[in-house]
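Contents: one structure, followed by commentary.
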Amino acid sequence: MDVYDLWNDSLNDIKQKVTGVNVWTALNCAVPITLDEDVFVIGLRPQDNSLKGHLNHVATKRAIEEEIGRRLGKTVTVRVLDGITINDWLNAKKRDEEAERIRAQAAEKEGQRVATYSVWEDVFDRISSLYGEFHQKGFAQNRARFLEKCIQICVDQLKERPELTEFDERNLARVLERIGSYTETPPVFVGYEVLKRAGML
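For the sequence shown, my numbering gives the first residue as -8, with consecutive numbering after it.
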């Protein structure tokens, strides 16, 4: 069925499911554009764009989807555009694809951030636990032994991460500060030893 015929055949039944002069006006101004798989696309002319909110209202969209879907024998989703041409729809799809690409990149970056945080949090916890196990912390030689173990923990972790992200750098700095605090050693010196042994200097 042609989208114009489909829309015109459905319009009166759609109106019976919604109320409001502005909603009816919006429906009358809507122009069917295409049926793209399961997406029924309608649009508004520039002068009618102020009516878009009425078409996007949950009740209105549901009424359109029910009536169009009933006639097509399948579930459809309605999409309301600014514009009434197929090019408007193609441009909207391109924007959707770009937005999805950006969302996917953001999700991947967040996933990496969470994974990185988990790794360094484990290092942080191991060092804190190790400190709790040490006795006679006031002895310089015991702090030196503890420092050596902490440095090795960091070196082992860095060898698994040859390329450090900004988030890695921040968490490494946090770990170095904690080691420095525990051992009364300048964090810069701790960092120097860690990076030198890891082959990053």
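Beta carbons are placed, not taken as given, at the ideal position from N, Cα and C, and that holds for glycine.
- Proximity to residue 138 across 108, -8, 171 and 106 peaks at 171, based on C-alpha coordinates.
- Across the set 42, 57, 44 and 190, the C-alpha of 57 shows the shortest separation from the C-alpha of residue 2.
- Annotation: the segment 75 to 149 contains the following complete segments of the alpha helix (DSSP H) (minimum length 4 residues), in chain order: 77 to 124.
- Cβ neighbours of residue 89 within its own chain (closer than 8 Å, five residues either side excluded): none.
- Our two residues, residue 164 and residue 87, have alpha carbons roughly 39 Å apart in a direct line.
- By the neighbour-count criterion, in which 16 or more other beta carbons inside 10 Å mark a residue as buried, residue 103 falls on the exposed side.
- In the DSSP assignment, residue 188 falls outside any beta strand (DSSP E) and within the unbroken alpha helix (DSSP H) covering 178 to 188.
- About 4 Å separates the CB atoms of residue 42 and residue 17; that is less than 8 Å, so the two are in contact.
- The Cβ atoms of residue 75 and residue 34 lie closer than 7 Å to each other.
- Within the DSSP bridge table, the entry for residue 34 names 22 and 72 as partners.
- Taking the Cα of residue 107 as reference, the smallest distance to any Cα among 150, 159 and 54 is reached at 159.
- Residues 185, 188 and 189 of the same chain have their beta carbon placed closer than 8 Å to that of residue 146, with the five preceding and five following residues left out of the count.
- DSSP places residue 159 within a helical segment (H, G or I) once states are collapsed to three.
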